Amino acid sequence: MVIAMNDQDSAECSISPPVEVVAWTGDAATGHLRLLDQRRLPTETEFLDCRDALAVWDAIRSLAVRGAPAIGVAAGYGMVVAAQVLPDSGDFITGVEAAAEYLESSRPTAVNLSWAARRVFRRAQDGLASDLDAVREAMLDEARAIHAEDVALCASIGRHAAPLMKKCSAVLTHCNAGALATAGIGTATAGMYVAAAEGHALTVFCDETRPLLQGSRLTAWELMQAGIDAVVITDNMAAQVLREGKVQLVVTGADRIAANGDAANKIGTYGLAILAAHHNVPFYVAAPYSTFDMTLASGSDIPIEQRGSEEITHGFGRRTAPENVKTYAPAFDVTPAELIAGIITDRGIISPVTADNVAAMIGQ
Ligand code: MRU
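Using the numbering used here, you'd call the opening residue of the sequence shown number 5 and step up by one each time.
Laid out in structure tokens, this is it:
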């Protein structure tokens, strides 16, 4: 991560992620999607080339690329590789729609996935009067627009979140809602990076985030690349950290936010919000407008992804539970709006978190 101030007196700063998380190489007809393989971090920096929809589906499902905004950007490009092999016939648009449905099935909770896939699908539909090579070009153009927009959304979140971060000497976060989860400087981390760029020293306690350790493998890694003080704790240490008064604020990302402000995020977030409320520490969610699902009245309608039992039984590369033991593995939970002090969006901070305030900031 490179953090540099452009101007001493302005909040404008140039912050580059430590490594490109998602990229497109080549043209619309023959190019491909290149992903940082996040399953290998923090020990190896390897890239994964995805040349068909199956490879993109698999990369999303297996968490090679993960985090709601990054999944959305990858799905946008996934639509382009899917269109490369569709026939130049009347069946083309049916195939594009099927590709959107297919990619959406990889992970059900993050709404950014269907938001991006549908956006590229609509662009294909709108261009159907042209020849299909031009439609494929238009699809790539839309995927690139989603990518560029995500960079800008993260930067805007950072500008809104930085004043909150500057009031704190230490904050706590869960999972990875960082640069690795987006095309830009992250959502929960965006304010940390902007505050750091403006000279503020911040310590970030990173929940390890069982079972797949996104907090220790990814968040601690990217914060350290940026020179931000990162402290890894296991998830069950958060209560003690809060009780000892070590942090003044908790901030996480979100995978989908309902119209009333209920927010789905990595499993363990809800428990953390309860702990924060108990200790009178404000709990914030940071997310772009693309993470809001205004079609859902409340969080109880958000689909919760279930993961395979091996992620629990073989957590650290070896069996850590008895053979044939039953498991229950929801990947996300929903934090009710009343536990959220504010939702930091690219448009401003929604606080208090009510359906009316969400509608006023995000629209219907
Ligand atoms: O299962 P993951 O690693 O995709 O879960 C990621 C999260 O829960 C993030 O907090 C969320 O997607 C927001 S990313 C800016």
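We put the beta carbon where it would ideally sit given N, CA and C, even for glycine.
Keep in mind the model is a prediction, meaning the values are calculated, not measured.
DSSP on Ala359, reduced to helix/strand/coil? Your numbering for residue 359 matches position 355 in the sequence shown. Of the three classes helix, strand and coil, the one that applies to Ala359 here is helix, per DSSP.
Which residues bound the beta strand (DSSP E) around Val77? Counting from one through the sequence shown, the residue named residue 77 turns up at place 73. Note, Val77: premise wrong, no beta strand (DSSP E); alpha helix (DSSP H) at 72-88.
Mind checking whether the beta-carbon of Gln310 lies closer than 7 Å to any heavy atom of the ligand MRU? Sequence index remark: in the sequence shown, residue 310 carries index 306 (1-based). Flag unset: Cβ of Gln310 not near the ligand MRU.
Determine whether the beta carbon atoms of Ala181 and Ala290 lie at a separation below 8 Å. Against the sequence shown, residue 181 aligns to sequence position 177. Against the sequence shown, residue 290 aligns to sequence position 286. Cβ atoms of Ala181 and Ala290: closer than 8 Å.
Alpha carbon to alpha carbon, how far is Ser14 from Lys170? To locate residue 14, count along the sequence shown from 1; it is residue 10. To locate residue 170, count along the sequence shown from 1; it is residue 166. Caution is warranted here: a pLDDT of 41 is assigned to Ser14, below 50, making its placement in the model unreliable, and no coordinate value can be reported.
For Ala120, the first and last residue of its enclosing alpha helix (DSSP H): If you number the sequence shown from 1, residue 120 lands on position 116. Counting along the chain, the alpha helix (DSSP H) containing Ala120 begins and ends at 115-130.
Taking 7 Å as the cut-off, is the C-beta of Arg70 nearer than that to any heavy atom in the ligand MRU? In the sequence shown, counting from the first residue as 1, residue 70 sits at position 66. Arg70: yes, Cβ under 7 Å from the ligand MRU.
Would Leu369 and Gly71 be called neighbours here (beta carbons separated by less than 8 Å)? As shown, the chain starts at 5 and ends at 368. That puts residue 369 outside it, with no answer to give.
First through last residue of the beta strand (DSSP E) which encompasses Asp95: Here the question's residue 95 lines up with position 91 in the sequence shown. Where Asp95 is concerned, there is no enclosing beta strand (DSSP E), given that its DSSP letter is neither H nor E.
Determine the burial state of Pro307: buried for a count of at least 16 other Cβ atoms within 10 Å of its Cβ, exposed for fewer. Along the sequence shown, read from residue 1 onward, the residue named residue 307 stands at position 303. Pro307 should be labelled exposed.
What does DSSP give as the partner residue(s) for Leu176 in the beta ladder? Locating residue 176 in the sequence shown gives position 172, counting from the first residue. The partner list for Leu176 (beta bridge, DSSP) reads Phe209, Val254.
Anyone know if the C-beta pair for Leu67 and Leu216 falls short of 8 Å? Residue numbering aside, residue 67 sits at position 63 when the sequence shown is read from its first letter. Residue numbering aside, residue 216 sits at position 212 when the sequence shown is read from its first letter. Yes.
Would you report the Cα separation of Arg260 and Thr213, rounded to the nearest angstrom? Position 256 of the sequence shown, counted from the first residue, corresponds to residue 260. Position 209 of the sequence shown, counted from the first residue, corresponds to residue 213. Distance between the alpha carbons of Arg260 and Thr213: 19 Å.
Buried or exposed for Asp95, please, with buried defined as at least 16 other CB atoms from any protein chain shown within 10 angstroms of its CB. Stepping through the sequence shown from its first residue, residue 95 is reached at position 91. Under this definition Asp95 is an exposed residue.
From Ala79 to Cys158, what does the alpha carbon distance come to, in whole angstroms? Taking the first residue of the sequence shown as 1, we reach residue 79 at position 75. Taking the first residue of the sequence shown as 1, we reach residue 158 at position 154. Answer to the nearest angstrom: the Cα atoms are 18 Å apart.
Note down, one range per segment and in chain order, each alpha helix (DSSP H) of at least 4 residues found wholly within the segment 239-325. 242-247, 273-282, 314-317
Mark Glu1 as exposed unless 16 or more other C-beta atoms lie within 10 angstroms of its C-beta, in which case mark it buried. The shown model of the chain, from 5 to 368, leaves out residue 1, and the question about it has no answer.
Sequence-distant residues of its chain with Cβ nearer than 7 Å to Ala301 (five each side left out): Numbered from 1 along the sequence shown, position 297 holds the residue referred to as residue 301. Within the same chain, Ala301 has close Cβ partners Ala262, Ala263, Asn264.
Gln12 to Ala201 span [Cα, whole Å]: Counted from its first residue, the sequence shown places residue 12 at position 8. Counted from its first residue, the sequence shown places residue 201 at position 197. Because the pLDDT of Gln12 is 42, which lies under 50, any placement of that residue in the model is unreliable, and the number read from its coordinates should be weighed accordingly. Roughly 10 Å between the two C-alpha positions.
If I'm right that Leu184 touches Met196 with Cβ under 8 Å, what's the distance once you round it to whole angstroms? Locating residue 184 in the sequence shown gives position 180, where the first residue counts as 1. Locating residue 196 in the sequence shown gives position 192, where the first residue counts as 1. Going by Cβ atoms, the distance from Leu184 to Met196 rounds to 14 Å, so no, they are not a contact pair.
Would you kindly check if the distance between the Cβ of Ala103 and the Cβ of Ala57 is under 8 Å? The residue given as residue 57 occupies position 53 in the sequence shown. The residue given as residue 103 occupies position 99 in the sequence shown. In this structure, Ala103 lies closer than 8 Å to Ala57 by Cβ.
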